[in-house]
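S.K.:
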Amino acid sequence: MLHGGWCPKGRKAEDGRIPACYTLRETDTETYPQRTERNVVDSDVTLVFTRGAPAGGSLLILELARRYGKPWYAIDLARGTWEEHITGIVARLQGKATDGEGTSCGRPPEACVLNVAGSRERENSGIEATVMALMCAGIDRLKH
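For what it's worth, this note's numbering labels the leading residue of the sequence shown as 111, then goes sequentially.
(1) For Val200, which three-state DSSP category applies?
(2) Can you tell which of Tyr178, Thr139, Met245 has the C-alpha that lies nearest to the C-alpha of Ser255?
(3) Check whether the Cβ of Cys117 sits closer than 6 Å to any heavy atom of the ligand ATP, and report yes or no.
(4) Along the alpha helix (DSSP H) that carries Val241, what are the first and last residues, could you check?
(5) Under the DSSP definition of a beta bridge, which residues are partnered with Tyr183?
(6) Less than 7 Å between C-beta atoms, sequence neighbours within five positions excluded: which residues of the same chain meet that for Met245?
(7) Roughly how many angstroms separate the alpha carbons of Thr197 and Gly248, rounded to a whole number?
(8) What is the rounded straight-line gap between the Cα of Asp186 and the Cα of Gly162?
(9) Could you check where the alpha helix (DSSP H) with Asn149 kicks off and where it finishes?
(10) Are the beta-carbon atoms belonging to Leu174 and Val150 less than 7 Å from one another?
(11) Using 10 angstroms around the beta-carbon of Arg202, count the other beta-carbons present and answer buried if the total reaches 16, otherwise exposed.
(12) For Leu224, count the other beta carbons within 10 Å of its own beta carbon; 16 or more makes it buried, fewer makes it exposed. Which is it?
(13) State the beta-bridge partners of Cys222 as determined by DSSP.
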């Protein structure tokens with residue numbers, strides 16, 4: 111799968127250095143907010159996954175998306191069903207969101223640049239695997 115985006119200077123991540131196999135551009139600083147802002151600006155839609163209300167960096171992402179008028183969708187994994195989450199993701203990628211929560215990409219899914227973000231794994235054990243499974247299910251649904 112094609113990927114890209116921004117990372118802090120020095121390829122800084124909470125669990126060490128981001129491996130070179132990930133084609134990311136480095137920001138001018140080691141701070142996360144600059145990386146976050148550039149990823150929001152450069153994407154067509156931002157999906158934010160949390161367990162509970164967005165806070166910290168997840169809240170910043172949503173504030174930046176609103177400030178720049180960028181499409182976004184917040185997925186609270188502590189609420190709703192698996193099917194509701196997949197349906198919400200797909201609706202936004204297809205430009206068919208109708209629930210008033212977030213906004214739609216409005217571009218064909220194959221041309222949509224996603225910014226997938228959310229709660230940290232160390233604070234929400236298992237969230238990475240859950241998000242990966244949801245995204246794979248959503249992409250699979252778009253193909254059919």
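No residue lacks a Cβ here, since even glycine has one placed at the ideal position from N, Cα and C.
Note that the structure is a prediction, hence the values are computed from the model and not measured.
M.R.: Taking the structure as given:
(1) helix
(2) With the chain covering 111 to 254 only, the question about residue 255 has no answer from this structure.
(3) The ligand ATP is not among the ligands present in this structure, which contains no ligands whatsoever.
(4) 237–253
(5) Leu157
(6) Val226, listed in sequence order.
(7) Straight-line spacing of the CA atoms in Thr197 and Gly248 works out to 8 Å.
(8) The straight-line gap from Cα to Cα measures roughly 6 Å.
(9) 142–152
(10) yes
(11) buried
(12) buried
(13) DSSP lists no partner for Cys222.
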